[in-house]
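Beneath this line is the structure, given in C-alpha cells, with notes to follow.
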Amino acid sequence: MYRVIYKSRSAQPLNWDIVHDITDKSQSNNGTCGVTGVLLASRSHFLQALEGNFESVNNVFRRIAKDERHCDLSIISFSVIDARLFGGWGMRGIGAFDFNKTIESELKNKYGEEEKGIRFPLEEWQALAMINDIKMIRGLPSWKK
Ligand SMILES: Cc1cc2nc3c(=O)[nH]c(=O)nc-3n(C[C@H](O)[C@H](O)[C@H](O)COP(=O)(O)O)c2cc1C
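Adding 207 to a residue's 1-based position in the sequence shown gives its number in the numbering used here.
This is how it looks when you write it as C-alpha cells:
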C-alpha cells in the first residue's frame with residue numbers, strides 16, 4: 208500500500224461549502240476504489256493524505272491534480288506503508304479555518320502562520336504530527352461531519 212501527502216493552494220478563500228463539496232464526492236469515489244484519507248483546509252491551503260493501492264492512489268491523485276479549485280501542488284511524501292493511518296475515513300474533511308481561537312493560536316505557535324491561518328507544513332513528519340494533534344483535540348466543529 209501507498210500513502211501520498213500533498214499541500215496545495217486553494218483558488219479561493221476556504222469555507223465549509225467548498226470542503227463539503229469535495230468530501231461528499233470523495234466519500235463515494237474513494238469508497239469504490241478503497242482509498243482512505245484526510246483533507247485539512249486552512250483559510251488558504253489544503254493538505255491531503257491519500258492511502259490505498261498504487262493504482263487507486265495514482266488515479267485519484269491524477270484527478271485531483273487537474274482540479275481548478277486549487278493550484279501550486281507540492282508533494283510532501285509518497286511512501287510505501289504497511290498499514291493505513293486513516294482506515295475507515297473515505298475522506299475526512301477538517302476545517303482548520305474554523306478552530307476556536309485557543310486551538311488556532313496553539314497550532315500557529317507550533318507550526319507557524321501563513322496568510323493569517325495555520326501554516327501547513329511541507330515536511331512529512333510535521334504533516335503527520337499536525338494531523339495527529341488535530342485528531343487528539345476533542346469537540347471541534349470539524350468532527351461533526
Ligand atoms: C483539495 C481537493 C481534494 C480532493 N480530494 C478528492 C478525493 O480524495 N477523491 C476524489 O474522488 N476526488 C477528490 N477531489 C475532487 C476531484 O478533483 C474531482 O473533482 C472528482 O474526483 C471528480 O469526480 P467524478 O469524476 O466522479 O465527478 C478533490 C479536489 C480537491 C480540490
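Just so it is clear, CB atoms sit at the ideal spot from N, CA and C, and this is done for glycine as well.
A distance below 7 Å separates the beta carbons of N237 and G297. Remark: the shortest separation between the CB of H227 and any heavy atom of ligand 1 does not fall under 6 Å. At the C-beta level, V211 and L280 stay beyond 7 Å of one another. The DSSP-derived three-state label of I344 is coil. With a cutoff of 7 Å on beta-carbon distance, I283 and Y213 are scored as near each other. Boundaries for R270: no beta strand (DSSP E) harbours it, while the alpha helix (DSSP H) harbouring it runs F261 to A272, taken from the DSSP string.
Membership of K315 in the alpha helix (DSSP H) is indicated by the continuous run K308 to Y318.
K315 places its beta carbon less than 7 Å from that of I325. Counting along the chain, the unbroken alpha helix (DSSP H) around S233 starts and ends at W223 to C240.
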